[in-house]
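Here's the structure we're looking at; comments come further down.
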Amino acid sequence: MTRADWEKSYVSAESALRDAGVENADLLKLEEVRVRFMGRKGALTELLKSLKDLSIEDKRELGPKAQGLKASFDALIDARKAALEDAGDAAALEKDAIDLTLPAIRPPKGRLHPLTTTLHEIARTFQLMGYSWAEGPFVEDERHNFSALNIPEGHPARDSHDTFYLQGLPLLLRTHTSTVQIHTMESIRPPLRVVCPGRAFRHEQIDATHSAIFHQVEGLVVDENIGLADLKGHLQTLLQKLLGASTKTRFRPSYFPFTEPSTEVDVKCFFCPGTGCAACKHTGWIEILGAGVVNPAVFKAAGYDEQKWSGFAFGVGVERVAMLLHGVPDIRAFYTNDLKFLKQFDENLL
Ligand code: DAH
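Mind the numbering: the sequence shown is residues 712 to 1061 in the working numbering, read in order.
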């Protein structure tokens, strides 16, 4: 190749580059231009390659010229690429733009279930009276659920408990939290004051006031010379704190095998003016707890000296209290997990 030929190729490559329209090219077109000039048979590639056919002096003079063209080619392509990228970023930013002046979406906030807050409130009131907190297992043996509580085999009270037995095992789901009384006495020495809140199970026909799963707060106080007056004082303190000082309550004689004497405590119905309704089974009163002076037979079974120690016990129905507190006429509402129902209750965690 002669120098004149080379210079002709140079001029045509230079003008082709000027006309290539790099300034307005999109990414596809840019690649096409790159191949056209710098591909294996590209105009610039050829130009650079053909330098080798020139004389040393020509090479020395024209080499830098060719490199200069190559550099401006690279600069042109890079500049266009950068411009395209910037434009892409700007478009993406615009698309994902966040309007900081819009009101924020509040994340939904969890809250405690009304049964949990009621249970805590009952247990907390007793804790303030010096009770400690104890829990026991849901699966029990007959001794803790029945016989140690003076309910021997064949006792009619066993029938009234509608017990769930574990298939093939001498075990059952506790039908009341009174089981924890026995566990407590087996593990600590008197004097003692404990509350035992928890879940209990009965194979019951479910209706507006009965659920197969329910909650109780059990209480047990053991000391010397404890009697019915102490029991009444502690329970009245609870009821006034829980339901208000003006709440009408009545202590009614009752029967439980593990207490003697026994009592049941009713609260004036909150749903009717005492005239009777479905919630109070048309009596004007709602029963919320059972209690009594601990039967010496229970102390004996748990290994306490029944001559020396006396005490009282009680079991509060948590669902009943929650129904009264919140005006819920049907116990099933607590177990259906309906958010519309649950959202009505206090957001403040205890
Ligand atoms: N365990 C009884 C029940 O589930 C409630 C009860 C009554 C508990 C009297 C007691 C008590 O501790 O003294 O029906």
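All C-beta atoms in this analysis are idealised placements derived from N, C-alpha and C, irrespective of residue type, glycine included.
Report the option in the options whose CA atom is closest to the CA atom of residue i.
i: Val-1004; options: Ile-997, Trp-996, Ser-1021; result: Ser-1021
i: Glu-929; options: Ala-782, Val-1027, Leu-758; result: Val-1027
i: Leu-950; options: Lys-1019, Ala-1033, Cys-991, Ala-786; result: Ala-1033
i: Lys-760; options: Lys-740, Glu-768, Lys-781; result: Lys-781
i: Leu-830; options: Ile-999, Thr-1047, Lys-1011; result: Ile-999
i: Phe-748; options: Ser-726, Lys-763, Ser-766; result: Ser-726
i: Thr-874; options: Val-891, Ile-893, Val-850, Gln-892; result: Val-850
i: Ile-917; options: Phe-1045, Lys-719, Gly-779; result: Phe-1045
i: Leu-953; options: Thr-828, Asp-810, Lys-1019; result: Thr-828
i: Phe-1010; options: Leu-1035, Phe-1052, Glu-935, Leu-755; result: Glu-935
i: Arg-900; options: Leu-939, Tyr-721, Gly-774, Ala-1013; result: Ala-1013
i: Ser-783; options: Leu-813, Ala-815, Val-733; result: Val-733
i: Lys-959; options: Ser-973, Gly-995, Thr-974; result: Gly-995
i: Val-744; options: Arg-835, Arg-751, Leu-728; result: Leu-728
i: Asn-1048; options: Arg-822, Leu-811, Ala-794; result: Arg-822
i: Ile-937; options: Pro-972, Cys-907, Pro-964, His-914; result: Pro-972
i: Thr-970; options: Asp-807, Lys-943, Ala-1008; result: Ala-1008
So, using beta-carbon positions, are residue i and residue j closer together than 7 angstroms?
i: Thr-895; j: Val-905; result: yes
i: Phe-925; j: Glu-1030; result: yes
i: Phe-981; j: Pro-825; result: no
i: Val-932; j: Phe-837; result: no
i: Leu-860; j: Ser-889; result: yes
i: Ala-990; j: Pro-1040; result: yes
i: Asp-785; j: Arg-714; result: no
i: Ile-1042; j: Ser-957; result: no
i: Pro-968; j: Ala-868; result: yes
i: Ala-731; j: Leu-758; result: no
i: Arg-791; j: Leu-738; result: no
i: Ala-754; j: Ala-724; result: yes
i: Gly-985; j: His-993; result: no
i: Val-976; j: Ile-997; result: no
i: Leu-762; j: Gly-774; result: yes
i: Asp-789; j: Met-712; result: no
If you count every other CB in all the chains shown that lies within 10 Å of the CB of residue i, and 16 or more means buried, which is it?
i: Ala-736; result: buried
i: Ala-911; result: buried
i: Asn-1006; result: buried
i: Tyr-966; result: exposed
i: Leu-1061; result: Note that Leu-1061 scores 46 on pLDDT, short of 50, meaning its location in the model is unreliable and no value can be drawn from it.
i: Glu-718; result: exposed
i: Tyr-842; result: buried
i: Ser-871; result: exposed
i: His-945; result: buried
i: Ile-767; result: exposed
i: Gly-847; result: buried
i: Gly-909; result: buried
i: Leu-1035; result: buried
i: Ile-809; result: exposed
i: Arg-751; result: exposed
i: Gln-892; result: buried
i: Gln-927; result: buried
i: Tyr-876; result: exposed
i: Ala-940; result: exposed
i: Leu-942; result: buried
i: Leu-880; result: exposed
i: Thr-974; result: buried
i: Ile-816; result: exposed
Bridge partners for residue i per DSSP, in chain order?
i: Asp-977; result: Arg-961, Glu-998
i: Pro-908; result: Val-928
i: Glu-851; result: Leu-883
i: Leu-903; result: Val-933
i: Gly-1003; result: Ser-973, Ala-1024
i: Phe-875; result: Note: Phe-875 sits in no beta bridge, so no partner.
i: Asp-918; result: His-921
i: Ser-720; result: Beta-bridge pairing links Ser-720 to no other residue.
i: Ser-843; result: Val-905
i: Phe-967; result: Thr-970
request  = Could you tell me whether the region 881-899 touches the region 849-862, using the rule of 3 or more Cβ pairs below 8 angstroms?
outcome  = yes
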